[in-house]
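Q:
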Amino acid sequence: MLGKLTLSSIPYDVPILVGTFIGVAVIGIAVLAAITYFRKWGYLWREWLTTVDHKKLGVMYIVLAIVMLLRGFADAFMMRTQLALSYAGNPGYLPPHHYDQVFSAHGTIMIFFMAMAFMTGLFNFVIPLQIGARDVAFPFLNSVSFYMTLVGAVLINVSLFIGEFSNVGWLGYPPISELQFNPGVGVDYYIWAVQISGVGTLLTGVNFFTTIVKMRAPGMKWMQMPVFTWTSFYAIVMILLTFPVLTVTIALLSLDRYLGMHFFTNDGGGSVMLYLNLIWSWGHPEVYILILPAFGVFSEIAATFSGKPLFGYKTMVYASGVITLLGCLVWVHHFFTMGAGADVNTFFGIMTMFIAVPTGVKIFNWLFTMYKGRVRFEGPMNWIVGFMITFSIGGMTGVMMAMPAADWVLHNSLFLVAHFHNVIIGGVFFGYIAGMNYWFPKVFGYKLRDSWGKWAFRCWFVGFYLSFIPLYIVGLEGMTRRLNHYDNPNWHPWLLVACVGVFVLAVGVACQVGQLICAIIDAVHQKRDALDATGDNWGSGRTLEWSIPSPVPHYNFARLPTVRGLDTFHIEKELGRPTPVESLKPIHMPKYSVLGPVIGVFTFLFGFAMVWHIWWMAIIGLLGVFAAMVIRSADLDIDFYVPVEEVRADEEAFAKRISAAQAAE
Amino acid sequence: MKRLWRLFPALPALMLSGCTVDLLQPDGPIGEGNRDMMVLEFAIMMCVVVPTCIATLFFAWKYRASNTKAEYRPNWSHSNAVEVFIWGMPIAIIAVLSGFNYWSTHYYDPYRSLPKDMLVREHAENTKPLTIEVVAIDWKWLFIYPEQGIATINELDVPTKTPLNLHITSDSVMTSFFIPQLGSQIYSMAGMETQLHLLARNPGVLRGEAAQYSGPGFSDMKFKTIALPQEQFQSWVENVRNGSSQFASHEPLNLQTYPKYAKPPVVRESVAPTPSPVIYFGEAQSDLFQHIIAKYNNGMVRSINNGKIMRMDMHAASNGAASSSDTGM
Ligand code: HEM
Ligand SMILES: [Cu+2]
Ligand SMILES: [Cu+2]
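Protein sequences appear in the order of chains Y and R.
In terms of my numbering, the first sequence is numbered consecutively and its last residue is 667.
In terms of my numbering, the second sequence is numbered consecutively and its last residue is 553.
See below:
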């Protein structure tokens, strides 16, 4: 009846998990109770959960990303403390059975549910506003994509309390991920969490590709798109190119596990080398998918806070294009040690090195954007300076490993772990956090408190170096990754330093949480001085999103903007805003739909049932999703018109606020 | 002077910890090659990274908003000179590095027998290479010395100044064979044979490890690598053969006894599996390695003699060479 699921699948005998469960349950109940107490269920359901508004979906993605950051960070914290303890005979507090799940969950969560969710959140909120669109191409699909991501995240967290998670790392290398070596449900949780969220990402890709290609404001040529939209566009192209590969690879692994096939098994003609090639021909582009939008964020911020246009816009666009192209041609650098011929290794090594060229060019672009500018060090700008330094170092160690002769010793070492955190924290994470600080006032109409943000930055910057420079060193001392305990006296002091680093990072995370709590307090108190009047919150915005009120009305643009060049809004500010000639018209908008969450629930049932081999439930899940799709297709009542009166009232209020602000100056 | 130069790259790390930094203080020409490439790249890249970081901080400071004396050009966003520089300089650097990349990938290719000139430099040009077959098992390493007819578990003894030809496979999941101070690692994969060529220069005890995660016993999947001068190595071989060592096994290693040793230890959730002890086998079936590979390929294996695919007779008597029912593949 319940497949492999029995009472003994629940790890009630593991104190750490029981403690975590109680903690999560207490927080969960508190949140639910608060929602009930303030009678917000209806609001939550009507305004958020059923929404198809890209801005709200963007916010929900980022909330998900932040929750997942806390989970992923907790895993990182456990790993660092474990390795500080588990020296010379001391087993530490996490036996391999748990530790291996922890690093696998950390990697999977951080990539798929923290970084990817954060990125998609930024796409959602920013891209339509930057290109002057009122929504994305397929608003309902957008809601489905969100629920796919959410279901993946929920599955991975359910595995904490029901059953177990994968213990084979974030890429699930076979043959150890095959049934023969891994009969438990851990790998199945991994498979379905990644598979379902991967489908969500692919749909997001389709959606935003169409949006950018078809829905740019009248007059916006390709070479007039804001840089964030450009770099995101490249990332989206890579999503379309490579996520199908991920889907197929994971599907083949599931065929091995569920139907006893032999794609990647040791025997029966399976080949682990095939899996490595497939997974990395998605996996390497994946890291560029993550970093390109971050590059876009930095470009926007550098220009805004230097009071200058981005240096070398064209260069930036072309460099991103080169990165996209080369990014798909380097995957073999993840297994130079598999025994490929020297010519193959050389080709991929040199390709990898050449990616450093467009990347380096970008760093110089930001540098020359600051040059002869008036650089204001408000919240988002700090992260850029931190990024440029940290990322340069990470890029350098990356080029070191692009040389096969060097990678043969650095591969799989903690040097590698330090390298990719160097670029992923210094680049991706700093970028997304900067982006959140930068666009937050656009979303909510007031700024995040700067002092908390500054402290968060300081702790992340210092904490990063404290935690990861030691890893470079132990890597050079021959320490491999994923070790659970060790007895080499040379490594111990460095791992202690790294552990201190993770405490500093914890303070940084706490500051970020504090910043968000303060934001909620500010929202409740309607804090006056931080409230925005003009929509141009930083005073020097250049792109279209700053030309509309903050928070943005649900229809985004009362009149679709006419684009006159790069940085339209900046030009308008210089020349004076043109008085609109066009009269307001009713605006055509999509209706919210309950089917998004419904599809989410059935997808969850399906995923959970597949993990536990509960076939009847899997069938119900599939049928439910299918039925929802049929209902949606047959539903003709999916849109409405925003009346002119409403738009006009908003516009007049906005105009009044602007002139009041101008008078105050 | 040359000596000093050798130490130079290790200097910063030495100052930091005062103990061995395996990858910077290798004990063989391959490891040295790995290190030299690493250090070379580091040095070249630092020439760009350091100025970039300094310029970042300097520009951020100089053009801070409060410094109203600094020049402000609110519309300056293009300069051909700067563009040429920022594309040209990285391309030049990467072009140089690519040259080194091509050369070192070919020269140090793990599959290639150690190049002649390297052997001359190591005074090993006349030494007969030693073949060792390596099998990764859960969670221990089996080393078969086919020419000596002996085998060991979790201890690899090698003669110094002798080219080592390693043939590597796995009888379980994939992992990676790695002795940091000797250099380059290579994956071990079931049903396949990978190759690695190394050389140990000085006598000593080096750490060997599994570098690719392979399950709960992974952290203890280590082995001691003992490099011995040629004569001592010979007497060690004698010792193993006549079973006089404390690690000696009372039985030979062959197809019948192998499964017992290859069985993984019991895994419990609350503790790490116990590491495997060192074992010496005075007698080891010479084609055991081929049998282990053939297990995963319907009994097919690549012949060591002529490189052709042929069938291993799984029931052959212990020392029988692979029957040569050549499939012509
Ligand atoms: C918050 C600070 C972070 C710390 C202290 C941290 C720490 C760690 C540690 C200790 C490991 C395991 C190293 C080992 O194998 O021995 C690890 C692995 C990993 N981390 Fe992080 N990490 C952090 C943030 C991130 C972020 C932001 C990402 C990605 C967006 C990330 C992605 C990964 C991945 C993919 C792995 C590899 C997991 C595997 O081995 O399969 N980490 N991290
Ligand atoms: Cu890569
Ligand atoms: Cu292979």
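Note that CB positions come from ideal geometry on N, CA and C, so glycine has one too.
#1: Would you report the Cα separation of Y:Val128 and Y:Ala27, rounded to the nearest angstrom?
#2: Would you check whether ligand 2 has a heavy atom nearer than 7 Å to the C-beta of Y:His335?
#3: Among Y:Val20, Y:Thr53, Y:Gly74 and Y:Ala35, which one has its Cα closest to the Cα of Y:Val511?
#4: Under 7 Å Cβ to Cβ from Y:Met275, same chain only, skipping five residues before and after it: list those, please.
#5: Anything in chain Y within Cβ reach of R:Glu307, meaning under 7 Å, just list it in chain order.
#6: In chain Y, which residues lie with their C-beta within 7 Å of the C-beta of R:Gln436?
#7: What is the residue span of the beta strand (DSSP E) that R:Asn389 lies within?
#8: Cβ of Y:His421 within 7 Å of any heavy atom in ligand 2?
#9: Mind checking which residues open and close the beta strand (DSSP E) that includes R:Thr355?
#10: Within 7 Å: the Cβ of Y:His590 and any heavy atom of ligand 2?
#11: Can you list the residues of chain Y that R:Val464 reaches, using a CB-CB cut of under 9 Å?
#12: Starting from Y:His590, follow its DSSP beta bridges and name the residues at the other end.
#13: Using DSSP with H/G/I as helix, E/B as strand and the rest coil, what is Y:Leu9?
#14: By DSSP, does R:His421 sit in helix, in strand, or in coil?
#15: Short check: CB of R:Tyr211 to CB of Y:Lys57, under 8 Å?
#16: What separation, rounded to the nearest whole angstrom, lies between the Cα atoms of Y:Val20 and Y:Tyr14?
#17: Does DSSP put R:Lys448 in a helix, a strand or coil?
#18: Name the DSSP bridge partner or partners of R:Lys364?
#19: Taking 8 Å as the threshold (beta carbon to beta carbon), is R:Trp365 in contact with chain Y?
#20: With 8 Å set as the bound, which would you pick, yes or no: does the beta-carbon of R:Asn426 sit closer than that to a beta-carbon of chain Y?
#21: What's the call for Y:Asp641, buried or exposed, on a 16-neighbour Cβ count within 10 Å?
#22: Which residues share a DSSP beta bridge with R:Gly468?
#23: For R:Ile315 and chain Y, any beta-carbon pair shorter than 8 Å?
#24: So what does R:Phe402 bridge to, in DSSP terms?
#25: What's the call for Y:Val526, buried or exposed, on a 16-neighbour Cβ count within 10 Å?
#26: Counting pairs of beta carbons, one from the stretch 403-418 of chain Y and one from the stretch 255-265 of chain R, are three or more of them closer than 8 Å?
#27: With 16 as the cutoff for other CB atoms within 10 Å, does Y:Asp190 come out buried or exposed?
#28: Please classify Y:Tyr373: does DSSP put it in a helix, a strand, or coil?
#29: Y:Lys58 CB to nearest chain R CB: under 8 Å?
#30: Per DSSP, what are the beta-bridge partners of R:Pro383 in this structure?
#31: Any C-beta of chain R sitting closer than 8 Å to the C-beta of Y:Arg484?
#32: Any heavy atom of ligand 1 closer than 7 Å to the CB of Y:Phe463?
#33: How would you label R:Gln458, buried or exposed, when you count the other beta carbons within 10 angstroms and need 16 or more for buried?
#34: If I'm right that R:Thr351 touches R:Phe513 with Cβ under 8 Å, what's the distance once you round it to whole angstroms?
#35: Run through DSSP, which three-state label would Y:Arg259 get?
#36: What does DSSP give as the partner residues of R:Thr376 in its beta bridges?
A: Well, looking at it:
#1: 34 Å
#2: yes
#3: Y:Gly74
#4: Met340
#5: Gly314 and Thr317
#6: Asn414
#7: Pro387 to Ser394
#8: no
#9: Leu354 to Ile361
#10: no
#11: Going along chain Y, no residue has its Cβ under 9 Å from R:Val464, so there is no contact; the nearest lies around 26 Å.
#12: Y:Tyr643
#13: helix
#14: strand
#15: Summary: the structure shown does not reach residue 211 of chain R, with chain R confined to residues 225 through 553, and so no result is reported for it.
#16: 6 Å
#17: strand
#18: R:Ile361
#19: no
#20: no
#21: exposed
#22: Contrary to the premise, residue 468 of chain R reads as Ser rather than Gly in this sequence. Answer is none; R:Ser468 lacks a bridge partner.
#23: yes
#24: R:Glu433
#25: exposed
#26: yes
#27: buried
#28: coil
#29: no
#30: R:Leu452
#31: yes
#32: no
#33: exposed
#34: Between R:Phe513 and R:Thr351 the Cβ distance is about 23 Å, and since that is not below 8 Å, they are no contact.
#35: helix
#36: R:Phe367 and R:Tyr504
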